[in-house]
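Each residue of the sequence shown is one higher than the one before, counting from 0 in numbering that gives the first Met the number 0.
As structure tokens, the structure follows; a few thoughts come after it.
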Amino acid sequence: MAYDVDTIFQIAGIGIVVAMIHTVLKQMGKEDWAHWVTLIGFVVVLYMVATIVDDLFQRIRSVFLFIG
Numbered sequence: 000m001a002y003d004v005d006t007i008f009q010i011a012g013i014g015i016v017v018a019m020i021h022t023v024l025k026q027m028g029k030e031d032w033a034h035w036v037t038l039i040g041f042v043v044v045l046y047m048v049a050t051i052v053d054d055l056f057q058r059i060r061s062v063f064l065f066i067g
């Protein structure tokens, strides 16, 4: 569970890229695609956070149940 600042920068980078793509697609009049890009970006970030939270719970479980 050695998460550095890299994970935060990855999430921020995904957010910036998704926001730029959303803005470009919205300016082009393709709002449906813009919403799909935002949704896909959200799902990717949610998966990353869920993986981190799962690792955290596994670490807590191993501390309290003495499982190596």
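Note that CB positions come from ideal geometry on N, CA and C, so glycine has one too.
Everything numeric in this text was worked out from a predicted model, so none of it was measured.
Query, Result
"Indicate whether L45 and A33 have their beta-carbon atoms separated by less than 7 Å.", "no"
"What's the C-alpha gap between F63 and Q26?", "53 Å"
"Starting from D54, trace the alpha helix (DSSP H) both ways and give me its first and last residue.", "30-64"
"Please report the residue range of the alpha helix (DSSP H) in which D5 lies.", "4-26"
"Could you pull out every residue in the same chain whose Cβ sits closer than 7 Å to the Cβ of V36, ignoring the five residues on either side in sequence?", "V17, I20, H21, L24"
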